[in-house]
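Asks: Shown below is the structure under consideration.
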Amino acid sequence: MKFHSFLIKYGEIGIKGKNRYMFEDALVRQIRYALSDVDGDFYVHKCHGRVYVDCNGEYDYEDTVESLSRVFGIVGICPVVRREVKEIEELKKDVVVYMGEMYPEGNCTFKVEARRANKRYPMNSMEINCALGEAVLEAFPEMKVDVHNPDVRLNVEIREEVYLYSEIIPGPGGMPVGTNGSAMLLLSGGIDSPVAGYMIAKRGVEIEAVYFHAPPYTSERAKEKVMDLARLVSVYSGPIRLHVVNFTDIQLYIYEKCPHEELTIIMRRYMMRIAEHFAKKDGCLGLITGESIGQVASQTMQSLAATNAVCTLPVYRPLVGFDKREIVEISEKIGTYEVSIQPFEDCCTIFVAKHPVTKPNIERIEKSELNLSEKIDELMQTALDTTETIVIGKKGADTL
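If you want it as structure tokens, here you go:
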């Protein structure tokens, strides 16, 4: 079966009232981006409150469907066969051919759902339903009609052309990326933060990312691992601006001057400060982390409060109530898990205390940070000035 178009079904966009066109336009842009490296000539457009992808000439069907299934905002992908508008007897033949190719075994129930958008067609929707249903029953006696819960819903839309479709391939849902502002993701080489980026992008948020690199304690391969993770997330989110911060000197200074049981919390607080700097500079509306309550010592309620205390922007934690199994399942679904478990450590795992504090007192943490006053501002400025910014996309990475 050769499909000529895909009808794109969306969910929440349909209840956006007078602003719906803005969400539809964003969805069209994301679909075009998703199909930009798929073999084929595609025309993505809106028509009468619907979004279509018309396929001109030859194209890779499997690759096209896979790419569309990663576009947030899509809840269903319907492969469409287009035919010329014809008299009912010729239309019956087209429908019989379609059903024969789509369901060759024939052992199923069906219902015809006609929609006459072209009011010049001489029959109304109910008459078309009856005529086409009769034709299918005559051609395939083993099929049965079930108007309440059919196995197959044959949709026949009569527009400038006739659109035939019966299959709905699930999409990821959510909102089109870019419709809910932007936020800065603290991205590491672990399992959690790429999943957090994916989940916040699903709600229409455009993401940037910051990665804290600590050479020579972390290798160049650890940096490449994070870039690979950003590239996998960008398949769903669109291109990601990744800020690579050299964090080594700051970590060593904290390690030298602060109590070791407070290292993780204090380092996290300085990471949040740096991430917020880039977030404000780029107009982001918040920070995103992959933290989940109680997962490790730095993610207890008290620890999260201590890291939040240095931020003026809101901090979003889409995984906050998830357990590890749930997070792993999502990472496997989006393809980041195998990369995340590669044995290349990042800066969060290098300087770890044997007995980290689990219930830090913010006043005590602030007092410990006074030990850093001599050099920390200079080290922070150097880290900001030497940050490397890279644009990560599904086709590769370009240094800015």
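Numbering-wise, our numbering comes out as the position in the sequence shown, counting from 1, plus 1171.
Glycine is no exception: its CB is placed at the ideal position from the N, C-alpha and C atoms.
Just so you know, these numbers come straight off a predicted model, no measurement behind them.
(1) Using only CA atoms, which one of P1386, M1355 and F1383 lies nearest to I1371?
(2) Taking the C-alpha atoms as reference points, what is the distance between L1413 and G1182?
(3) Do you know how far the Cα of P1347 is from the Cα of L1198?
(4) Give me the residue from T1553, L1555 and V1242 with the minimum Cα distance to A1195.
(5) So what's V1404 in DSSP terms, helix, strand or just coil?
(6) Could you tell me the distance, in whole angstroms, from the CA atom of L1335 to the CA atom of R1200?
(7) By Cβ distance below 7 Å, which residues in the same chain neighbour P1485 in space, the five residues on each side in sequence not counted?
(8) Closer than 7 Å by C-beta to S1337: which residues in its own chain qualify, once you throw out the five before and the five after it? Chain order, please.
(9) Looking at the strands, I want to know which residues DSSP matches up with P1250.
(10) May I ask which residues mark the beginning and end of the beta strand (DSSP E) holding A1354?
(11) Where are the alpha helix (DSSP H) runs, 4 residues long or more, that stay fully inside the stretch 1310–1362, in chain order?
(12) Could you give the distance in angstroms between the alpha-carbon of V1252 and the alpha-carbon of Y1230?
(13) Skipping 5 residues on each side, what residues in its chain have a beta carbon closer than 8 Å to that of P1430?
(14) So, at 7 Å on beta carbons, what are the nonlocal neighbours of V1236 in its own chain, with the 5 sequence-adjacent residues on each side left out?
(15) Inspect the beta-carbon positions of A1367 and P1489 and report whether they are closer than 9 Å.
(16) Using beta-carbon positions only, say whether H1384 and T1419 come within less than 9 Å of one another.
(17) Taking just the CA atoms, how far does G1244 sit from C1455?
(18) Leaving out the 5 sequence neighbours to the left and right, which residues in its chain are closer than 6 Å to I1574 when beta-carbon positions are compared?
(19) Evaluate L1541 with the Cβ neighbour count: other Cβ atoms within 10 Å of its Cβ, from every protein chain shown; 16 or more gives buried, anything less gives exposed.
(20) Tell me the DSSP bridge mates of G1211?
(21) Leaving out five residues on either side along the sequence, give the residues of the same chain with a beta carbon under 6 Å from the beta carbon of I1459.
(22) Mind checking whether M1297 and A1285 have CB atoms under 9 Å apart?
(23) Taking the alpha-carbon of I1362 as reference, which of Y1192, V1266, S1408 and K1396 has the nearest alpha-carbon?
(24) For a quick check, are the C-beta atoms of L1400 and G1360 less than 9 Å apart?
(25) What residues match up with A1380 in a beta bridge as DSSP calls it?
(26) Touching or not, the stretch 1386–1395 and the stretch 1525–1536, by the rule of three or more beta carbon pairs under 8 Å?
(27) Near Y1214, what residues of its chain come up, given a Cβ to Cβ distance below 6 Å and the 5 sequence neighbours on each side ignored?
Replies: Reading it off the structure:
(1) It is M1355.
(2) In a straight line, the C-alpha of L1413 is about 31 Å away from that of G1182.
(3) If you take the alpha carbons of L1198 and P1347, they lie about 5 Å apart.
(4) The sequence shown places Glu at residue 1195, rather than the Ala named in the question. Per the Cα distances, V1242.
(5) Judged by DSSP in its simplified three-state form, V1404 adopts helix.
(6) The straight-line gap from Cα to Cα measures roughly 25 Å.
(7) Only G1457 meet the Cβ criterion.
(8) Within the same chain, S1337 has close Cβ partners M1273, V1323, R1324, L1325 and N1326.
(9) The partner list for P1250 (beta bridge, DSSP) reads F1177.
(10) Under the DSSP assignment, A1354 falls in the beta strand (DSSP E) whose first and last residues are S1353 to L1357.
(11) The stretch 1310–1362 contains no whole alpha helix (DSSP H) run of 4 or more residues.
(12) CA-CA distance, V1252 to Y1230, rounds to 14 Å.
(13) For P1430, where only same-chain residues beyond five positions count, the Cβ hits under 8 Å are S1539.
(14) I1248 and I1340.
(15) Yes, the pair counts as a contact, with Cβ atoms nearer than the cut-off.
(16) T1419 sits close to H1384, with the two beta carbons spaced by under 9 Å.
(17) Rounded to whole angstroms, C1455 to G1244 spans 21 Å at the Cα level.
(18) Since the first residue shown for the chain is 1172 and the last is 1571, residue 1574 is missing from the structure and cannot be characterised.
(19) Around the C-beta of L1541, fewer than 16 other C-beta atoms lie within 10 Å, and the residue is accordingly described as exposed.
(20) Paired residue(s): none; G1211 is not in a bridge.
(21) If we look at I1459 and ignore the five residues flanking it on each side, its Cβ neighbours are A1354, L1356, A1367, I1371 and Y1487.
(22) Yes, the Cβ-Cβ distance between M1297 and A1285 is below 9 Å.
(23) For I1362, the nearest C-alpha among the options comes from K1396.
(24) Yes, the Cβ-Cβ distance between L1400 and G1360 is below 9 Å.
(25) In the DSSP assignment, the residues bridged to A1380 are L1356 and L1413.
(26) No: the two stretches stay apart, fewer than three of their Cβ pairs being nearer than 8 Å.
(27) Result list for Y1214: D1225, in chain order.
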